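Numbering-wise, the sequence shown is residues 32 to 84 according to the numbering used here. Note that CB positions come from ideal geometry on N, CA and C, so glycine has one too. Everything numeric in this text was worked out from a predicted model, so none of it was measured. What follows is a set of notes on a single structure, which appears directly below.
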Amino acid sequence: MELLGLLLFVLWVLIATACAVLADGRGHTPDVRSTAPWTAGNLPSEPYRALLM
Numbered sequence: 032m033e034l035l036g037l038l039l040f041v042l043w044v045l046i047a048t049a050c051a052v053l054a055d056g057r058g059h060t061p062d063v064r065s066t067a068p069w070t071a072g073n074l075p076s077e078p079y080r081a082l083l084m
């Protein structure tokens with residue numbers, strides 16, 4: 032009896048997960064629209080080793 036309850040619970044979790052994924056748009060995320068150029072903050076544009084020489 033406990034095994035049947037456990038199997039039903041696992042089935043319920045799987046169905047709930049599938050419903051949540053489908054309701055969320057199947058994982059679709061909108062494209063990132065950025066007008067600012069990509070920067071790495073204050074990191075140097077050359078390797079640190081090259082700056083030592």
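query, result
"Helix, strand or coil: which one does DSSP assign to Thr48?", "helix"
"State the Cα-Cα distance for the pair Leu35 and Trp43, rounded to the nearest angstrom.", "12 Å"
"Alpha carbon to alpha carbon, how far is Leu37 from Gly72? Give it in angstroms, no decimals.", "51 Å"
"Got a sec: does the ligand NAD put a non-hydrogen atom nearer than 7 Å to the Cβ of Arg64?", "No copy of the ligand NAD occurs in the structure displayed, which carries no ligand at all."
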